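One structure below.
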Amino acid sequence: MDPRKLIRMLNLGMDDQIRKSEWKWVCSMCQRCVLACPMKINIPALILNLRASVPRKKRPKGILGSCDQHIRTGSAMGAQKDDFTFTVEDVAEEIKEDHPGFEDMNVTIDRVGAQMVLNQNSREPVTEPEEMGPLWKILHMVGADWTYPTVMWGGENYCMFLADFEGWRYIMEEFVHHVDNNLKSPLVVNTE
Amino acid sequence: MRRFNIPHKFKLITIIELYAQWIREGKLKVNSDWNKDIGAKFTIQDPCNIARKSGSNKIVDELRFVIKTVVGEENFIDTVPNRENNYCCGGGGGALQAGFPDERRAYGRIKFNQIKATGANYVIAPCHNCHAQIEDIGHHYGGNYHVVHLWTIICLAMGVLAESERTYLGPDLAKVGL
Numbered sequence: 007m008d009p010r011k012l013i014r015m016l017n018l019g020m021d022d023q024i025r026k027s028e029w030k031w032v033c034s035m036c037q038r039c040v041l042a043c044p045m046k047i048n049i050p051a052l053i054l055n056l057r058a059s060v061p062r063k064k065r066p067k068g069i070l071g072s073c074d075q076h077i078r079t080g081s082a083m084g085a086q087k088d089d090f091t092f093t094v095e096d097v098a099e100e101i102k103e104d105h106p107g108f109e110d111m112n113v114t115i116d117r118v119g120a121q122m123v124l125n126q127n128s129r130e131p132v133t134e135p136e137e138m139g140p141l142w143k144i145l146h147m148v149g150a151d152w153t154y155p156t157v158m159w160g161g162e163n164y165c166m167f168l169a170d171f172e173g174w175r176y177i178m179e180e181f182v183h184h185v186d187n188n189l190k191s192p193l194v195v196n197t198e
Numbered sequence: 003m004r005r006f007n008i009p010h011k012f013k014l015i016t017i018i019e020l021y022a023q024w025i026r027e028g029k030l031k032v033n034s035d036w037n038k039d040i041g042a043k044f045t046i047q048d049p050c051n052i053a054r055k056s057g058s059n060k061i062v063d064e065l066r067f068v069i070k071t072v073v074g075e076e077n078f079i080d081t082v083p084n085r086e087n088n089y090c091c092g093g094g095g096g097a098l099q100a101g102f103p104d105e106r107r108a109y110g111r112i113k114f115n116q117i118k119a120t121g122a123n124y125v126i127a128p129c130h131n132c133h134a135q136i137e138d139i140g141h142h143y144g145g146n147y148h149v150v151h152l153w154t155i156i157c158l159a160m161g162v163l164a165e166s167e168r169t170y171l172g173p174d175l176a177k178v179g180l
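Pasting the structure below:
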């Protein structure tokens, strides 16, 4: 299966076969087909709509689980705000104590008025917290004025992959509201 | 936010653009001296989100500027094709969790071969999906490369990377600057 076949099947009216095909979950929606297409057909948008045509409960468990966790806890990894706060403070404490030159490194959470809010993937604090340190060190060395948000703090969004438009929108709205109205920060920075 | 027309006051940028800006302003004091004698070779993965989907090559060009500054121009080997025309890692769009690992790895083989052709030991993949997928296909197809974050290499170059922060480095760089 490939994007050209999908378009041919659509042209031939093979809607049933397309709906049955699991390829909509294999496609990564990377848009390289759009770049190559002379008519710039938005195939990823078709894929997203195909995903949305599957009843929510029947969509892939892995993606569904991550989306549900994000709505419930604020991150796809399912870490609550308190777990996140504890991990960040714990790692920061260790760096301040053990890493020379970073004794006064400033790592804050939900600090109102910070110049930038960092949007970090929840994989780091949950599965490899030591990976946050190098980024904080860089921010410290350039004198950046930054903070982490605790509302919808996970930088990922599996509800988008799930084609759960309501969930996707809810995550975005909660995040935007928190940054604009609570933290009042002018800049949101996506990390690597 | 664009999709749902959610109004917002803040501006959204990537840390890569800031790294580049800080290097130009002299705030991020980093160079490639550490790699002069070692000569570790680096290549790149262009994540679709910051390449094609950002609407221009601006961010991925900044990414190249940062990498060349940190590892040395002679130690950076670009992929073919690259930037907005680069291949997908094969792990995005939820594919890592969608439950079709054979298909995911079959698409990933294109990425694996492309990385292998550069001969680089290190792949900088500034996206979590790409990072996880490229590690997975590396193990699956027997690649001998390491997938690293840019922040790891920047801190290594500045001499502030602690021993506990070197999970992704290979044995050739594991002790550098300690």
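Residue numbers (this note's numbering), protein chains in the order written: chain A, 7 to 198; chain B, 3 to 180.
Even glycine gets a Cβ: it sits at the ideal position worked out from N, Cα and C.
Since this is a predicted model, take the numbers as computed values, not measurements.
Quick one: residues in its chain with C-beta nearer than 8 Å to the C-beta of residue i, no 5 flanking neighbours on either side, listed in chain order?
i: A:Thr91; result: Ile115 and Thr156
i: B:Thr71; result: Ile25, Val32, Asn33 and Ser34
i: B:Asp63; result: Arg85
i: A:Thr79; result: Ala85, Gln86 and Lys87
Could you pull the start and end residues of the beta strand (DSSP E) that residue i belongs to?
i: A:Ile259; result: Look at the range of chain A in this structure, 7 to 198, and you will see that residue 259 of chain A is not part of it.
i: B:Glu16; result: For clarity, residue 16 of chain B is Thr in the given sequence; the question names Glu instead. Lys13 to Thr16 is the span of the beta strand (DSSP E), which, as asked, contains B:Thr16.
i: B:Thr45; result: Phe44 to Ile46
i: B:Val125; result: Tyr124 to Ile126
i: A:Asn125; result: Met122 to Asn125
For the alpha helix (DSSP H) containing residue i, list its first residue and its last residue.
i: A:Met83; result: Where A:Met83 is concerned, there is no enclosing alpha helix (DSSP H), given that its DSSP letter is neither H nor E.
i: A:Tyr176; result: Phe171 to His183
i: A:Val40; result: Arg38 to Ala42
i: A:Val194; result: Not the alpha helix (DSSP H): A:Val194 falls in the beta strand (DSSP E), residues Leu193 to Asn196.
i: B:Ile69; result: Lys60 to Val73
i: B:Trp36; result: Note, B:Trp36: premise wrong, no alpha helix (DSSP H); not H, not E.
i: B:Thr154; result: Leu152 to Met160
i: A:Met15; result: Pro9 to Asn17
i: B:Ile79; result: Element bounds for B:Ile79: n/a, residue is neither H nor E.
i: B:Ile52; result: Where B:Ile52 is concerned, there is no enclosing alpha helix (DSSP H), given that its DSSP letter is neither H nor E.
i: B:Ile8; result: Per DSSP, B:Ile8 belongs to no alpha helix (DSSP H) and is neither H nor E.
i: B:Val32; result: Element bounds for B:Val32: n/a, residue is neither H nor E.
i: A:Val32; result: Trp29 to Val32
i: A:Asp186; result: From DSSP, A:Asp186 is part of no alpha helix (DSSP H); its letter is neither H nor E.
i: A:Asp21; result: Asp21 to Lys26
Under 7 Å Cβ to Cβ from residue i, same chain only, skipping five residues before and after it: list those, please.
i: A:Trp174; result: Asn163, Cys165 and Met166
i: A:Pro9; result: Cys39 and Ile49
i: A:Ala42; result: none
i: A:Thr93; result: Pro131 and Pro135
i: B:Ser166; result: none
Just the chain A side, please: which residues come within less than 7 Å of residue i by C-beta, in chain order?
i: B:Lys55; result: Gln37
i: B:Ile17; result: Val195, Asn196, Thr197 and Glu198
i: B:Glu105; result: Val32
Using a beta-carbon distance below 8 Å, is residue i in contact with chain E?
i: A:Ser81; result: Chain labels in this structure do not include chain E; the protein chains are A and B.
Please compile the residues from chain B whose C-beta is within a distance smaller than 9 Å of the C-beta of residue i.
i: A:Arg175; result: Arg5, Phe6 and Ile8
Can you pull the chain A residues whose beta carbon is under 9 Å from the beta carbon of residue i, in chain order?
i: B:Thr169; result: Glu134, Glu136 and Glu137
i: B:Lys113; result: Residues of chain A passing the Cβ test: none, with the nearest at roughly 11 Å.
For residue i, go through chain B and note every residue whose CB falls closer than 8 Å to its CB, in chain order.
i: A:Asp186; result: His10, Lys11 and Phe12
Can you list, in chain order, the residues of its chain with a C-beta nearer than 6 Å to that of residue i? Leave out the 5 residues immediately preceding and following it.
i: A:Cys33; result: Ile53
i: B:Met160; result: Val32
Taking Cβ-Cβ distances shorter than 7 Å, what residues in chain B pair up with residue i?
i: A:Arg129; result: His130
The ligand NAP and residue i: does any heavy atom of the ligand fall closer than 7 Å to the residue's C-beta?
i: A:Leu168; result: This structure does not include the ligand NAP; it has no bound ligands of any sort.
> What are the complete alpha helix (DSSP H) segments, minimum 4 residues, inside the stretch 127-164 of chain A?
Replying inline: The stretch 127-164 of chain A contains, as complete alpha helix (DSSP H) runs of 4+ residues, the segments 129-133 and 138-147 (chain order).
>> Along the stretch 81-102 of chain B, where does the CB come closer than 9 Å to a CB of chain A? Name the residues.
In response: For the stretch 81-102 of chain B, which is checked against every Cβ of chain A, the residues closer than 9 Å are Glu86, Asn87, Asn88, Tyr89, Cys90, Cys91, Gly92, Gly93, Gly94, Gly95, Gly96, Ala97, Leu98, Gln99, Ala100, Gly101 and Phe102.
> Got a sec: which bits of the stretch 132-148 of chain A sit with their beta carbon under 8 Å from any beta carbon on chain B, in order along the chain?
Replying inline: Within the stretch 132-148 of chain A, the residues whose Cβ lies closer than 8 Å to some Cβ of chain B are Glu134, Glu136, Glu137, Gly139, Pro140, Leu141, Lys143, Ile144, Met147 and Val148, listed in chain order.
>> List, from N- to C-terminal side, the alpha helix (DSSP H) runs of 4 residues or more that fit wholly inside the stretch 99-149 of chain B.
In response: Fully contained in the stretch 99-149 of chain B are the following alpha helix (DSSP H) runs of length 4 or more, in chain order: 103-120 and 130-143.
> Which residue spans inside the stretch 39-69 of chain A form an unbroken alpha helix (DSSP H) run of at least 4?
Replying inline: Runs of alpha helix (DSSP H) with 4 or more residues, each lying fully within the stretch 39-69 of chain A, are found at 49-58, listed in chain order.
>> Give me the subset of the stretch 28-52 of chain A whose CB atoms are less than 7 Å from a CB atom of chain B, sorted by chain position.
In response: For the stretch 28-52 of chain A, residues whose beta-carbon sits nearer than 7 Å to a beta-carbon of chain B comprise Glu28, Trp31, Val32, Cys33, Ser34, Met35, Cys36, Gln37, Arg38 and Leu41.
> In the stretch 32-64 of chain B, which residues sit with their C-beta less than 7 Å from some C-beta in chain A, listed in chain order?
Replying inline: Of all residues in the stretch 32-64 of chain B, those with a C-beta nearer than 7 Å to a C-beta of chain A are Cys50, Arg54 and Lys55, reading in chain order.
> Quick one, which residues of the stretch 151-164 of chain B are near chain A if we go by CB-CB under 8 Å, in chain order?
Replying inline: Result list: His151, Leu152, Trp153, Thr154, Ile156, Cys157, Met160, Val162, Leu163 and Ala164.
>> What are the residues in the stretch 78-110 of chain A lying within 7 Å of chain B by C-beta distance?
In response: Hits within the stretch, in order: His105 and Gly107.
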